[in-house]
Amino acid sequence: MIDKKWASAADAVADIPDGASLAVGGFGLSGNPSALIEALLAQGTSGLSVVSNNCGVDDWGLGLLLGAQRIRKMTSSYVGENKEFERQFLSGELELELTPQGTLAEKLRAGGSGIAAFYTQTGVGTQVAEGGLPRRYAADGSVAIASPAKDVRTFEMHGQPREFVLEEAITTDFALVHAALGDRHGNLIFNKAARNFNPLAAMAGCICIAQVERLVEPGELDPDQVHLPGVYVHRVVEVGSDIEKRIERRTVRPSTGSGNGEA
Numbered sequence: 001m002i003d004k005k006w007a008s009a010a011d012a013v014a015d016i017p018d019g020a021s022l023a024v025g026g027f028g029l030s031g032n033p034s035a036l037i038e039a040l041l042a043q044g045t046s047g048l049s050v051v052s053n054n055c056g057v058d059d060w061g062l063g064l065l066l067g068a069q070r071i072r073k074m075t076s077s078y079v080g081e082n083k084e085f086e087r088q089f090l091s092g093e094l095e096l097e098l099t100p101q102g103t104l105a106e107k108l109r110a111g112g113s114g115i116a117a118f119y120t121q122t123g124v125g126t127q128v129a130e131g132g133l134p135r136r137y138a139a140d141g142s143v144a145i146a147s148p149a150k151d152v153r154t155f156e157m158h159g160q161p162r163e164f165v166l167e168e169a170i171t172t173d174f175a176l177v178h179a180a181l182g183d184r185h186g187n188l189i190f191n192k193a194a195r196n197f198n199p200l201a202a203m204a205g206c207i208c209i210a211q212v213e214r215l216v217e218p219g220e221l222d223p224d225q226v227h228l229p230g231v232y233v234h235r236v237v238e239v240g241s242d243i244e245k246r247i248e249r250r251t252v253r254p255s256t257g258s259g260n261g262e263a
């Protein structure tokens, strides 16, 4: 389908079933596909396996799905500011596959590029490679599921033998992403740091659903400015530029013009 515009976020996520796997863009709360997440929450989809850098906060982003007990497993690089994420994991309610951040990015990129696996030095000599990282706890606090050991091989690099650990690529049933601009063909442009994991998540999803702040006609985007080509995107929903955006923690510095040091 050339025209990939969908009428609403609810329509775009309506066929995501219980138990589906999702790759979700965002870093902290920057670039979160919040409208798509809220639509998924409203329709009641549960048992989800989600791949995302983190899981939002307690009342925003993926934290909404987590708080409603809709997520079965998270694959993330850190727990972040989400206390409910921590609670569910430590109580055995949630499975968590902690993955180094750069490795997570490359696993998504590899999946979208048709690369089944790759070797990296990241994690060599740790439980990332040797196994034993808790993935799910039992009710009594013991480890119910631990990560398996991974293949480690030696390759020569820069004239020196070095060990590398094998990491498998990630692909998911669906991807949910946020972009600043998009056209009806699915070409996307992201805004500065909000690009983060969004292109990688989009690549890894078999069906990618993008919410865009502004939708334009084909030909209006400068091809040299497109960050993600429409070949990776299957559905586009316009959500408006006034969509609510949040940050995890607001910090300020003293005003340079203030004599008393107040912000």
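Heads up: the sequence shown at position 58 corresponds to 58 in the working numbering, and the numbers run straight through without jumps.
Cβ atoms here follow ideal geometry from the backbone N, Cα and C, with glycine treated the same way.
How many Å lie between residue i and residue j at the Cα?
| i | j | result |
| --- | --- | --- |
| E95 | V252 | 36 angstroms |
| T75 | T256 | 42 angstroms |
| P33 | I115 | 26 angstroms |
| E244 | L64 | 15 angstroms |
| P134 | V212 | 37 angstroms |
| R70 | D18 | 9 angstroms |
| T103 | F27 | 15 angstroms |
| S91 | Y137 | 7 angstroms |
| Q225 | V236 | 18 angstroms |
| P254 | L181 | 35 angstroms |
| L188 | D242 | 18 angstroms |
| V239 | R162 | 48 angstroms |
| I207 | H234 | 6 angstroms |
| G56 | I37 | 11 angstroms |
| I2 | V231 | 10 angstroms |
| I209 | E97 | 24 angstroms |
| R249 | S30 | 11 angstroms |
| F89 | G80 | 13 angstroms |
| T154 | Y119 | 10 angstroms |
| V216 | K5 | 10 angstroms |
| Q101 | S46 | 26 angstroms |
Assign residue i to one of three DSSP states: helix, strand, or coil.
| i | result |
| --- | --- |
| Q69 | coil |
| S46 | coil |
| L36 | helix |
| K192 | helix |
| G186 | coil |
| E244 | coil |
| V13 | helix |
| A20 | coil |
| L29 | coil |
| L221 | coil |
Could you tell me which residues DSSP pairs with residue i in its beta bridges?
| i | result |
| --- | --- |
| I209 | L176 and R235 |
| W60 | V57 |
| F155 | R162 |
| R214 | L181 |
| T75 | V51 and E97 |
| K5 | V236 |
| L228 | L188 |
TODO: Counting only runs of 4+ residues fully inside the region 78–151, write out the alpha helix (DSSP H) ranges in chain order.
DONE: Segments of the alpha helix (DSSP H) lying fully in the region 78–151: 83–91, 101–113 and 127–130.
TODO: Tell me, please, whether the region 130–147 touches the region 182–197 by the rule of three or more beta-carbon pairs shorter than 8 angstroms.
DONE: Under the 8 angstroms Cβ criterion, the region 130–147 does not count as touching the region 182–197, having fewer than three qualifying pairs.
- [ ] May I ask you to verify whether the region 170–179 touches the region 126–143, counting CB pairs closer than 8 angstroms and requiring at least 3?
- [x] Flag = no, the region 170–179 and the region 126–143 do not touch.
TODO: Determine, using beta-carbon pairs with one atom in the region 39–57 and one in the region 215–230, whether at least three such pairs fall under 8 angstroms.
DONE: In the pairwise beta carbon analysis, the region 39–57 is classified as not touching the region 215–230: fewer than three pairs are separated by under 8 angstroms.
Open item on the list: Below 8 angstroms, how does it come out for the region 14–24 and the region 45–64: are there three or more Cβ pairs, yes or no?
Closed with: Three or more beta-carbon pairs separated by less than 8 angstroms link the region 14–24 to the region 45–64, which places the two stretches in contact.
- [ ] Could you say if the region 198–208 and the region 100–111 meet the contact criterion of at least three C-beta pairs nearer than 8 angstroms?
- [x] By the Cβ rule, the region 198–208 counts as touching the region 100–111, because three or more pairs are nearer than 8 angstroms.
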